[in-house]
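S.K.: In this note's numbering, the protein residues as written are 299 to 552.
We treat Cβ as the ideally placed atom computed from N, Cα and C, and that holds for glycine.
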Ligand SMILES: NC(=O)c1ccc[n+]([C@@H]2O[C@H](COP(=O)([O-])OP(=O)(O)OC[C@H]3O[C@@H](n4cnc5c(N)ncnc54)[C@H](OP(=O)(O)O)[C@@H]3O)[C@@H](O)[C@H]2O)c1
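(1) For my contact list, residue 302 and residue 355 are in at a C-beta cut-off of 8 Å; report their separation, rounded to the angstrom.
(2) Say yes only if the C-beta of residue 393 is nearer than 7 Å to one or more non-hydrogen atoms of ligand 1, and no if none qualify.
(3) Can you tell me whether DSSP reads residue 301 as helix, strand or coil?
(4) I'd like the span of the alpha helix (DSSP H) that includes residue 437, first residue to last.
(5) Is residue 505 helix, strand or coil by DSSP?
(6) Determine which residues share a DSSP beta bridge with residue 424 and list them.
(7) Run through DSSP, which three-state label would residue 354 get?
(8) Buried or exposed: residue 553, going by 16 or more other Cβ atoms within 10 Å of its Cβ?
(9) Which of the three DSSP states, helix, strand or coil, is assigned to residue 519?
(10) In terms of residues, what are the limits of the beta strand (DSSP E) holding residue 470?
(11) State the beta-bridge partners of residue 321 as determined by DSSP.
(12) Please report the straight-line C-alpha distance between residue 381 and residue 352, rounded to a whole angstrom.
(13) For ligand 1, is there any heavy atom lying closer than 7 Å to the beta carbon of residue 371?
(14) Heavy atom of ligand 1 less than 7 Å from the Cβ of residue 508, yes or no?
(15) Which whole-angstrom value describes the C-beta separation of residue 516 and residue 405, a residue pair presumed to lie in contact below a C-beta threshold of 8 Å?
(16) For residue 454, count neighbouring Cβ atoms within 10 angstroms of its own Cβ and tell me buried if that reaches 16, exposed if not.
(17) Give the C-beta separation of residue 390 and residue 471 to the nearest angstrom, bearing in mind that I take them to be a contact with Cβ-Cβ under 8 Å.
(18) Report buried or exposed for residue 437, applying the criterion of at least 16 other Cβ atoms within 10 angstroms of its Cβ.
(19) Give the secondary structure of residue 349 by DSSP, where H, G and I count as helix, E and B as strand, and everything else as coil.
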């Protein structure tokens, strides 16, 4: 198949590209690094010429403030218009479990808008909702740290390995559109404050974790189950210990 992976050099995107090419598909990785800008529309028509499937795993370069909302709004409008013009037959999108419950956050408002536009577009689609990647724990630390301490909601999370998400997307891309949302998650749920404490201990970062029910998560107030998947979610085998052992953090001396 002829497949374009938008965000094809990102964390998930480069893994999806490698898997699809390994199966013999013709795959273009589209991003600003390859001359395609989904916010301005530059290069989109050219890269989509002849494409049957688009996998959108792009992300806003800025995760906080209003910037991500603006990014997802502009990008999805350009992308869907260009896909319709090019005759794309399946739009596959990666989003986040709980997006619809996190409207206080500009990031998740942007993701919800993205999903709504996909549903209304008339293009056959599949949306995959994944929980937080293990790799994203570091981003959570970076946006939550203040004065050697992290204030984190004691809400539950059920993180998943980004490689498992990429494998699922590579499968979905070559299957018929679901015209709906499916969920995937890792095997273990744990309070965010506790798993981040485990991660900090592992990387020997000298921060104190304070569990604070009012601490915002990318601008959203979290209930204990806001980030948890439903009972139908596909659960992957890789847990935190398995992931950390094969990660760049294992055995590093700081
Ligand atoms: N992080 C998590 O825990 C998590 C959980 C569930 C779902 N997700 C979703 O997974 C998706 C991918 O996340 P990721 O961590 O793999 O992202 P990432 O590593 O930050 O990669 C983002 C990609 O988007 C591209 N990009 C950024 N701005 C662009 C623009 N204006 N035009 C074209 N391409 C652009 C980047 O390439 P260039 O810089 O070359 O443009 C890069 O290839 C996101 O939509 C996110 O919501 C994330």
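M.R.: By the coordinates alone:
(1) The pair is not a contact, with the Cβ atoms about 11 Å apart (cut-off 8 Å).
(2) yes
(3) strand
(4) 435–442
(5) coil
(6) 390
(7) strand
(8) Given a span of 299 to 552 for the chain in the structure shown, any question on residue 553 remains unanswerable.
(9) coil
(10) No beta strand (DSSP E) holds residue 470; the alpha helix (DSSP H) holding it covers 460–471.
(11) Answer is none; residue 321 lacks a bridge partner.
(12) 8 Å
(13) no
(14) no
(15) 5 Å
(16) buried
(17) 5 Å
(18) exposed
(19) coil
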